[in-house]
Amino acid sequence: MADQYFTNARLIDPEAGTDSIGWLRVSDGMIADVGVGNAPTAGLDCGGKCLAPGIVDIGVKVSEPGERHKESFRSAGRAAAAGGVTTMVTRPDTDPAIDTPEVLEFVAKRALADSAVRVLPMSALTKGRAGREMVEIGFLKDAGAVAFTDCDRVVTDNKVFSRALTYARSLGALVIAHVQDANLSRGAAVTSGKFASLRGLPGVSPMAERMGLDRDIALLEMTGARYHADQITTARALPALERAKANGLDITAGVGIHHLTLNELDVADYRTFFKLKPPLRSEDDRLAVVEAVASGLIDIISSMHTPQDEESKRLPYEEAAGGAVALETLLPAALRLYHAGHLDLPTLFRAMSLNPSRRLGLETGRLAVGAPADLVLFDPDAPFLLNRAKLHSKSKNTPFDGARLQGRVIGTWVAGKNVTEES
Amino acid sequence: MTFRATHLLGIEHLAPDEITTLLDLADQYVDLNRREHKHSDVLAGLTQINMFFENSTRTQASFELAGKRLGADVMNMAMQASSIKKGETLIDTALTLNAMHPDLLVVRHPHSGAVDLLAQKVNCAVLNAGDGRHEHPTQALLDALTIRRAKGRLHRLNIAICGDIAHSRVARSNILLLGKMENRIRLIGPPTLMPSGIEEFGVEVFEDMREGLAGVDVVMMLRLQRERMDGGFIPSEREYYHRYGLDAEKLGYAKDDAIVMHPGPMNRGVEIDGTIADDINRSVIQEQVEMGVAVRMAAMDLLARNLRAARQAKAGEVMA
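As you go down the protein sequences, you meet chains A and B in turn.
So in the working numbering, spot 194 of the first sequence is number 194, and the numbers just go up one at a time.
So in the working numbering, spot 183 of the second sequence is number 1183, and the numbers just go up one at a time.
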């Protein structure tokens, strides 16, 4: 393949923390050269728009196997390409759960055949995500599982969880956990407080998140495992996270894009597209978590893409399924934080591209020579009105339907190949 | 006269002038109901369907009687025994019923927000007869009418609501209504039965019943559900009665002319002493039942007027 030049681009480099006009040369799917100012030769004129390392999204639910009518690798891959996501790190909470090397290999094969972007599958941590017996962590890791997680199910049995953490540590496997005290949050549909009481919905105290994190930190001290908290969404959990990091534990934390851009009041009159797990929080919590992303205390922003069909959402709030699609809206929603002055673009891409790559030991997420040419070119200012019917996902359950957003993806490249054109 | 609402989903959406309009009309229906000839024809030709997804004898009977006295064709559907068991969704049930052209749909459902959801899918007036822990607007309106008739006004009163506030839609609707009408509200109960964020509701909260009842004009007792008594929320029935049951001694802290209310059905000896419930000088519990029919007549009358006006306006558009 001939060399390819991206010229006149606003380069967003999360590693260097810079945001400046320059050019980039791609050769054999890798970044071969990066420079500031004018390019030595003509190429794709980016028109001064932003060129950043493609997003690495940890925690994408593709509903294969089991519920392909909600989302397939083909539809998710298109949504990802349209959203600037170059690597989907997929969740094992499928039906059946991805908990054996055989199922994982099936998924990897399906992904390779159908997805426009890279797919790295995660495995369940316990069989059937039932929280009783650990999966074959060694075999699964060899088969390509990049992390082990029971997704939104908490392994409540401390003995089971501590053994799984210990065993995972011996293999250097990353464990991702949902931080929540499962007893305290049982039956909850929203965060407790005035709004929950006004709507008459069962709520969970934000304290349940800190209790979940506190327990996991104690077990990390005990086992020394590599650990990532999937979503930290409350102010009260942040000091515990900060202490754990200061104490040198191998811990990172993430947050979903909706908890950074919406709050509990957005549920309004029982709008089930805003039902998430954990539930949306107060505005104070949202701002605290945004601040934690800016400071780097929270490492990773994810879409927590969760497709649900209309039938599972058109129900009374308590009965409706949780989750929202977000592969395509992750970037424009995240740009709300940029436009509001909370975060600059290098910080945003540190949380969306660089940190998730590093945590998984990947070479992506950087605008550096020798890194894979996984890139997104976008106009951060272009305004548009989101119409959910136009999303590439098979499921259209976005809370941003009809919302005014800013930021459009112009192109997405995976290993130097434009993946937005073919879809 | 002002009443703009097209559904009665909750007190939250009503303005004070709408509440007053409704209560004024209900007063007239109280008079009608006390006559020998109780019939009116303001709902003649209209169809009222009562859909109860949760058991209720009293509320359903009250709505049925209200509709019949105003001349509507009333049908009761016990939804627990019906298609819900066959897996039909709430929305499908609503669409099926909607195809039968009802004009007034009275709905009770165990889930908060279910009646709101249903109201989005039908083109008739929907009345919330209680949804989960959310709202029970006609109960709050009948309580308001009872208070207004007993006290001569519905503002600047000290009103205590006692018991299981957390799980009570009656309490929520009453807090909203009495707050909108500018009364001082006190909530009394153990902290395990208080909703979260209650301090932001503009109410005073008391854990001691005697302190809470001191000098109040109105005492509203709430029903304690049997399933909450087993140690999950309170240690036992007898400890609850000891601390929060309304007896003559505790009532002695309220004003001498304070009235006692209860939405029913009562657990005598659990939240209220039987002799107080039966004391005709203090208890207005029977009046509440009477006001219930009148308030529901007024609500359906007003909603039907708005429904007819909207249909006429629509027909006018088509003609033009």
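Here a beta-carbon is modelled for each residue, glycine too, at the ideal position from N, C-alpha and C.
Identity of the residues DSSP links to residue i by a beta bridge
| i | result |
| --- | --- |
| S20 of chain A | A:L11 |
| A411 of chain A | The question names Ala, but residue 411 of chain A is Gly in the sequence shown. Bridge partners of G411 of chain A: A:L377. |
| G177 of chain A | Residue 177 of chain A is actually Ala in this sequence, not Gly. A:A229, per the DSSP bridge assignment. |
| E1135 of chain B | B:D1131 |
| S123 of chain A | A:F148 |
| M30 of chain A | A:S27, A:P372 |
| F6 of chain A | A:L24, A:L44 |
| T90 of chain A | A:V60, A:P121 |
| H1109 of chain B | B:D1131 |
| C50 of chain A | A:R10, A:F378 |
| N263 of chain A | Per DSSP, none; premise fails for N263 of chain A. |
| N418 of chain A | A:W413 |
| V85 of chain A | A:I55 |
| T252 of chain A | A:H228 |
| T1047 of chain B | B:D1073 |
| Q1028 of chain B | Looking at the DSSP assignment, Q1028 of chain B forms no beta bridge with any residue, so it has no partner. |
| L1246 of chain B | B:I1272 |
| I1259 of chain B | B:V1218 |
| S426 of chain A | Here chain A covers residues 1 to 423 and nothing more, so residue 426 of chain A does not appear. |
Environment of residue i [buried if 16+ CB atoms lie within 10 Å]
| i | result |
| --- | --- |
| V1318 of chain B | exposed |
| D13 of chain A | buried |
| K1250 of chain B | buried |
| I1280 of chain B | exposed |
| K275 of chain A | buried |
| G380 of chain A | Here residue 380 of chain A turns out to be Pro, not Gly, going by the sequence shown. Burial call: buried. |
| T1192 of chain B | exposed |
| F384 of chain A | exposed |
| V1293 of chain B | buried |
| A288 of chain A | buried |
| Q1312 of chain B | exposed |
| A9 of chain A | buried |
| R1226 of chain B | exposed |
| A340 of chain A | exposed |
| H1101 of chain B | exposed |
| D3 of chain A | exposed |
| E311 of chain A | exposed |
| P239 of chain A | exposed |
| E67 of chain A | buried |
| D1301 of chain B | buried |
| T364 of chain A | buried |
Near the ligand SAH: residue i beta-carbon under 6 Å from a heavy atom
| i | result |
| --- | --- |
| S123 of chain A | With respect to small molecules bound, the structure shown includes none, and the ligand SAH cannot be examined in it. |
Inset, instruction - May I ask you to verify whether the stretch 1134 to 1150 of chain B touches the stretch 1069 to 1081 of chain B, counting CB pairs closer than 8 Å and requiring at least 3? - result: As far as the Cβ criterion goes, the stretch 1134 to 1150 of chain B does not touch the stretch 1069 to 1081 of chain B, which means the pair count is below three.
Inset, instruction - For the stretch 204 to 216 of chain A and the stretch 177 to 185 of chain A, state whether three or more C-beta atom pairs, one from each stretch, are separated by less than 8 Å. - result: yes
Legend entry - the stretch 1182 to 1202 of chain B: positions lying closer than 8 Å to chain A by Cβ: P1195, S1196, G1197, I1198, E1200, F1201
Inset, instruction - Identify each residue in the stretch 1117 to 1135 of chain B for which the Cβ-Cβ distance to at least one residue of chain A is less than 8 Å, and report them in chain order. - result: Residues L1117, D1131, G1132, R1133, H1134, E1135.
Legend entry - Selection of the stretch 193 to 225 of chain A by Cβ proximity to chain B, strictly under 9 Å: G193, K194, F195, A196, S197, L198, R199, G200, L201, P202, G203, S205
Inset, instruction - Take every Cβ of the stretch 403 to 418 of chain A, pair it with every Cβ of the stretch 327 to 335 of chain A, and state whether three or more of those distances are shorter than 8 Å. - result: yes
Legend entry - Any beta strand (DSSP E) of 3 or more consecutive residues that is wholly inside the stretch 55 to 83 of chain A: 55 to 60
Inset, instruction - Decide yes or no for the touch test of the stretch 144 to 157 of chain A against the stretch 122 to 134 of chain A: beta carbon pairs closer than 8 Å, at least 3 of them. - result: yes
Legend entry - Interfacial residues, the stretch 1065 to 1099 of chain B to chain A, with Cβ spacing under 9 Å: T1089, L1090, I1091
Inset, instruction - Kindly provide the ranges of any alpha helix (DSSP H) runs that are 4 or more residues long and lie completely inside the stretch 1134 to 1183 of chain B, ordered along the chain. - result: 1137 to 1151, 1169 to 1180
Inset, instruction - Report yes or no: do three or more beta-carbon pairs, one from the stretch 1214 to 1223 of chain B and one from the stretch 1238 to 1254 of chain B, lie closer than 8 Å? - result: yes
Inset, instruction - Please determine if the stretch 1295 to 1302 of chain B and the stretch 1037 to 1057 of chain B are in contact, where contact requires at least 3 C-beta pairs separated by less than 8 Å. - result: The stretch 1295 to 1302 of chain B makes contact with the stretch 1037 to 1057 of chain B; the number of CB pairs closer than 8 Å reaches 3 or more.
Inset, instruction - Evaluate contact between the stretch 300 to 318 of chain A and the stretch 365 to 373 of chain A, counting only Cβ atoms and requiring at least three cross-stretch pairs below 8 Å. - result: no
Legend entry - In chain order, each alpha helix (DSSP H) run of at least 4 residues that lies wholly inside the stretch 148 to 224 of chain A: 158 to 171, 194 to 199, 207 to 223
Inset, instruction - Below 9 Å between beta carbons is the criterion; list the residues of the stretch 252 to 279 of chain A that meet it against any residue of chain B, in chain order. - result: D269, Y270, T272
Inset, instruction - Taking only runs that begin and end inside the stretch 1176 to 1228 of chain B, name each unbroken beta strand (DSSP E) of 3 or more residues, in chain order. - result: 1184 to 1188, 1204 to 1206, 1218 to 1221
Inset, instruction - Spell out a yes or no on whether the stretch 1024 to 1036 of chain B and the stretch 1108 to 1115 of chain B are touching, meaning 3 or more CB-CB pairs, one atom from each, closer than 8 Å. - result: no
Legend entry - Near-chain B residues of the stretch 300 to 323 of chain A - C-beta to any C-beta below 8 Å: E311, R314, L315, P316, Y317, E318, E319
Inset, instruction - For the stretch 1147 to 1176 of chain B, enumerate the residues whose C-beta is nearer than 7 Å to any C-beta of chain A, in chain order. - result: R1169, R1172
Legend entry - Validate contact between the stretch 336 to 353 of chain A and the stretch 67 to 78 of chain A using beta carbons, cut 8 Å, 3 pairs: no
Inset, instruction - Return the chain-ordered ranges of every beta strand (DSSP E) run that is complete within the stretch 271 to 343 of chain A and spans a minimum of 3 residues. - result: 300 to 302
Inset, instruction - Kindly confirm or deny that the stretch 20 to 39 of chain A and the stretch 275 to 286 of chain A touch, where touching means at least three C-beta pairs closer than 8 Å. - result: no
Inset, instruction - State whether the stretch 1087 to 1096 of chain B contacts the stretch 1007 to 1021 of chain B, with contact taken as three or more CB pairs (one from each stretch) at a distance under 8 Å. - result: In short, these stretches do not touch, since the Cβ pair count stays below three.
Legend entry - Stretch pair the stretch 1170 to 1177 of chain B + the stretch 1047 to 1056 of chain B: three plus CB contacts closer than 8 Å: Touching, no, given that fewer than three Cβ pairs across the two stretches are closer than 8 Å.
Inset, instruction - For the stretch 158 to 177 of chain A and the stretch 134 to 149 of chain A, state whether three or more C-beta atom pairs, one from each stretch, are separated by less than 8 Å. - result: yes
Legend entry - the stretch 1110 to 1130 of chain B in contact with the stretch 1151 to 1160 of chain B per 3-pair CB rule at 8 Å: no
Inset, instruction - Could you tell me whether the stretch 47 to 58 of chain A touches the stretch 387 to 397 of chain A, where touching means 3 or more Cβ pairs closer than 8 Å? - result: no
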